[in-house]
Amino acid sequence: MQKILWAVIFSAFLASCSPSAAPPVLTEVSTPGYHPGRVVWYTLASPNPEVAKNFYESVFGWTTTPYGDNNRELWVFQKDQKPVALMARYKSDNNSGEWIGSISAEDVEQASSEAKSLGATILAKPVAVANQGMISYVQDPQGAHFSLIRMAGGDPEPNLASLDTFLGMELWSNNTEESQKFYTDILDYEIEMRKEGNVDYTVFKKNTLNCLGMLENPVENVRSHWLPYIRVADVNAALAKAKENGATVLLEPRADVRNGSVAIILDPTGAPLALQVYNP
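Residues -21 to -1, 1 to 259, numbered by mature numbering (1 follows the signal peptide of the UniProt record, and there is no 0), are exactly what the sequence shown covers, in order.
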């Protein structure tokens, strides 16, 4: 699975060497000010971008714009003409995709150094990427992959996600106690404990904002990983559309799980994601 990150890193590195090849999507979504601790960007590492493209366009109404060439294959996902994510082609041993969340950090170099001192693997050292900002890629001590970022033009405003875009990310951890200490130490979170049915649920907060969620990994023999949530208008309709376009269902909507508002799937390339109705 480590090769997933290297593909994304390699594409980003090449883009940084050639500014014209780096899509300016992050500067398009930036606003003045920063919101450290929040996931501010999403990148899909996909072994089959053509299949992924068709899936996300069909299920969520996204459009896809290619950038680069055979040496730096990148795509931009948009919804209503606004960028929502990047996609990069990669090859891995298990041939499955993964969504990588970029967490806003006040100082990417310092946070990366702290992560390493706490047992993380730095898959790519902090580097300035044209049109994006300072970025590093990290594998936490439990195996979960994420990115640290200081966006060049400021973070997106922490507003409620529009339909068919990202609500946030949730960590499925094989050791929640150690994960809580790790992320709190490097990003200075406050912790709020909740109950989701019978499940202990951790909310990572910063400056009164809910930033991330965490629960014990419910899947045996799978490393810790981050799960992105996409806001939908109707979870059953969205799930039906996902099935029609090749998704594998991991969790059907159930009354005992957030009142039936959530479904969890694998996209056709194996990338996990959650569909949720969220109307606070």
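Cβ atoms here follow ideal geometry from the backbone N, Cα and C, with glycine treated the same way. On a predicted model such as this, the values are computed, not experimentally measured, just so you know.
Contact set for residue 12: own chain, Cβ-Cβ below 6 Å, skip 5 residues either direction: Here residue 12 corresponds to residue number 33 of the sequence shown, with the count starting at 1. Correct list, in chain order: 133.
Own chain partners of residue 98 with C-beta closer than 7 Å, once the 5 adjacent residues on each side are dropped: Sequence index remark: in the sequence shown, residue 98 carries index 119 (1-based). If we look at residue 98 and ignore the five residues flanking it on each side, its Cβ neighbours are 120.
DSSP three-state assignment for residue 117, whether helix, strand or coil: As a position in the sequence shown, residue 117 is number 138, starting the count at 1. DSSP, read as helix, strand or coil, puts residue 117 in strand.
Whole-angstrom distance between residue 86 and residue 75, CA atom to CA atom: Your numbering for residue 75 matches position 96 in the sequence shown. Your numbering for residue 86 matches position 107 in the sequence shown. It is roughly 31 Å from the alpha-carbon of residue 75 to the alpha-carbon of residue 86.
Closest by C-alpha distance to residue 207, when choosing among 191, 28 and 122: Start at 1 with the first residue of the sequence shown, and residue 207 comes out as number 228. Ranked by Cα distance from residue 207, the options 191, 28 and 122 are led by 191.
Touching by the beta-carbon criterion (3+ pairs, under 8 Å), the region 171 to 180 and the region 129 to 145: Verdict: no, contact absent.
Minimum C-alpha distance to residue 183 - residue among 4, 5, 15 and 100: Here residue 183 corresponds to residue number 204 of the sequence shown, with the count starting at 1. The shortest CA-to-CA distance from residue 183 to any of 4, 5, 15 and 100 is the one to 15.
Rounded separation between residue 129 and residue 230 - CA only: Counted from its first residue, the sequence shown places residue 129 at position 150. Counted from its first residue, the sequence shown places residue 230 at position 251. Rounded to whole angstroms, the separation of the alpha carbons of residue 230 and residue 129 is 34 Å.
contact_flag[the region 192 to 207, the region 147 to 159] where n(CB pairs < 8 Å) is 3 or more: The count of Cβ pairs closer than 8 Å, one atom from the region 192 to 207 and one from the region 147 to 159, reaches three, so the stretches are in contact.
Residue 111 - DSSP class collapsed to helix/strand/coil: Along the sequence shown, one-based indexing puts residue 111 at 132. In the structure shown, residue 111 falls within a coil segment according to DSSP collapsed to helix, strand and coil.
Top-ranked residue by Cα proximity to residue 146, from 21, 88 and 60: Stepping through the sequence shown from its first residue, residue 146 is reached at position 167. The shortest C-alpha separation from residue 146 is found at 21.
Residue 69 - DSSP class collapsed to helix/strand/coil: Indexing the sequence shown from 1 puts residue 69 at position 90. Correct three-state label for residue 69: coil.
Between the CA atoms of residue 124 and residue 202 - distance to the nearest angstrom: Residue mapping note: residue 202 aligns to position 223 of the sequence shown, counting from 1. Residue mapping note: residue 124 aligns to position 145 of the sequence shown, counting from 1. Residue 202 and residue 124 have their alpha carbons spaced roughly 10 Å apart.
Proximity of residue 91 and residue 115 at Cβ, strictly below 7 Å: Along the sequence shown, read from residue 1 onward, the residue named residue 91 stands at position 112. Along the sequence shown, read from residue 1 onward, the residue named residue 115 stands at position 136. Judged by their CB atoms, residue 91 and residue 115 are nearer to each other than the 7 Å cut-off.
Close beta carbons around residue 35, own chain, < 7 Å, minus the five adjacent residues each side: Indexing the sequence shown from 1 puts residue 35 at position 56. Closer than 7 Å at the Cβ level, and outside the excluded window around residue 35, lie 41 and 56.
Proximal residues to residue 228 (C-beta, below 6 Å), its chain only, five neighbours per side dropped: In the sequence shown, the residue the question calls residue 228 occupies position 249. Same-chain partners within the cutoff: 244.
Inter-residue Cα distance where the pair is residue 302 and residue 37: Here the chain has residues from -21 to 259 only, and residue 302 is not among them.
Beta-carbon proximity list for residue 19, same chain, < 7 Å, skipping 5 on both sides: Position 40 of the sequence shown, counted from the first residue, corresponds to residue 19. Closer than 7 Å at Cβ, skipping near neighbours: 81, 83, 128, 130, 134 and 135.
Assigned secondary structure, residue 166 (DSSP; H/G/I helix, E/B strand, else coil): The residue labelled residue 166 in the question sits at position 187 within the sequence shown. If DSSP states are grouped into helix, strand and coil, residue 166 belongs with the helices.
Same chain, Cβ closer than 8 Å to residue 214, five either side skipped, listed in chain order: Position 235 of the sequence shown, counting from 1, holds the residue named residue 214. Closer than 8 Å at Cβ, skipping near neighbours: 232, 239, 240, 241, 242, 254, 255 and 256.
Assumed close pair residue 108, residue 62 - CB separation to whole angstroms, cut-off 8 Å: Within the sequence shown, numbered from 1, the residue matching residue 108 stands at position 129. Within the sequence shown, numbered from 1, the residue matching residue 62 stands at position 83. Contact doesn't hold; Cβ gap of about 15 Å is too wide.
Exposure of residue 144, with buried meaning 16 or more beta-carbon neighbours within 10 Å: As a position in the sequence shown, residue 144 is number 165, starting the count at 1. Its Cβ being crowded by 16 or more others within 10 Å, residue 144 is buried.
Counted within 10 angstroms of its Cβ, other Cβ atoms place residue 170 as buried (16 or more) or exposed: One-based indexing of the sequence shown puts residue 170 at position 191. By the Cβ-count criterion, residue 170 is exposed, with fewer than 16 other Cβ atoms from all chains shown falling within 10 Å of its own Cβ.
Closest residue to residue 6 among 68, 189, 64 and 225 (Cα-Cα distance): What you label residue 6 is simply residue 27 of the sequence shown in a count that begins at 1. Answer by Cα proximity: 64.
Pairwise C-alpha distance: residue 236 and residue 258: Stepping through the sequence shown from its first residue, residue 258 is reached at position 279. Stepping through the sequence shown from its first residue, residue 236 is reached at position 257. The alpha-carbon atoms of residue 258 and residue 236 are separated by roughly 16 Å.
Cβ-Cβ distance between residue 142 and residue 210 below 7 Å: To locate residue 142, count along the sequence shown from 1; it is residue 163. To locate residue 210, count along the sequence shown from 1; it is residue 231. For the pair residue 142 and residue 210, the CB atoms are nearer than the 7 Å cut-off.
Residue 30 - containing alpha helix (DSSP H), residue span: Walking along the sequence shown from the start, residue 30 turns up at place 51. Element bounds for residue 30: 28 to 39.
Nearest candidate by alpha-carbon position, reference residue 95, set 162, 66 and 248: Residue 95 sits at position 116 when you count from the first residue of the sequence shown. Nearest of 162, 66 and 248 to residue 95, Cα basis: 162.
Rounded straight-line distance, which links the Cα of residue 78 to that of residue 117: For the purposes of this step, residue 117 is identified with residue 138 of the sequence shown, where counting begins at 1. For the purposes of this step, residue 78 is identified with residue 99 of the sequence shown, where counting begins at 1. Straight-line Cα distance between these residues: approximately 14 Å.
For residue 122 and residue 205, the rounded distance between their alpha carbons: Mapped onto the sequence shown, residue 205 falls at position 226. Mapped onto the sequence shown, residue 122 falls at position 143. Straight across, the Cα-Cα distance linking residue 205 with residue 122 is about 10 Å.
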